[in-house]
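Down below is the structure, laid out as structure tokens.
Below, the structure written as structure tokens:
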């Protein structure tokens, strides 16, 4: 009986030690993930300009973080509508498929072909949304 009791205590002790070391590892993993997340969330400033047929109708200098998408920035700073990650209306100006009038955007004068929900920004980016006829 003493041998069984000793064996059980030894087993419980081993499980306790393994359990504690797993918790310490999980804590270290959590701290590393938090550090990586905080590094990713760098504060940045971007400029967003809204143009309708070659006329600027709004422009804002916006403080954000590198982990926010362009969609989040737009939702926080403009009145928008979106469909499937694509912006379909800004400040009550809606796309008109019959007239081939759509919202497109550039970042630093380069056309972007991804949805705003998939686009991240960098410090000093110049974003221009243009509402115009698409051929």
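Residue numbers (full-length UniProt numbering): 1 to 135. Glycine is no exception: its CB is placed at the ideal position from the N, C-alpha and C atoms. Here the structure is a predicted model, which means the values were calculated and not measured.
Assigned with DSSP and collapsed to three states, residue 75 falls in helix. The three-state secondary structure of residue 97, taken from DSSP, is helix.
Note: residue 48 is bridge-paired with 60 and 127 in the DSSP secondary-structure output. Residue 81: member of the beta strand (DSSP E) spanning 80-83, first to last residue. Between residue 68 and residue 59, the C-beta spacing is not below 8 Å.
Taking C-alpha positions only, residue 55 is separated from residue 129 by approximately 11 Å. Taken through DSSP and simplified to helix, strand or coil, residue 135 comes out as coil. In chain order, 69, 71 and 85 place their CB closer than 7 Å to the CB of residue 117, counting only its own chain and leaving out the 5 sequence neighbours on each side.
In the DSSP assignment, residue 89 falls within the beta strand (DSSP E) that extends over 86-90. Between residue 105 and residue 80, the alpha-carbon positions lie close to 14 Å from each other.
Residue environment analysis places residue 95 among the buried positions, since at least 16 neighbouring C-beta atoms fall within 10 angstroms of its C-beta. A Cβ-Cβ distance of about 6 Å is found for the pair residue 131 and residue 93, placing them in contact under the 8 Å criterion. Secondary structure of residue 43 (DSSP, three-state): strand.
With a threshold of 16 other beta carbon atoms within 10 Å, residue 127 meets it and is buried.
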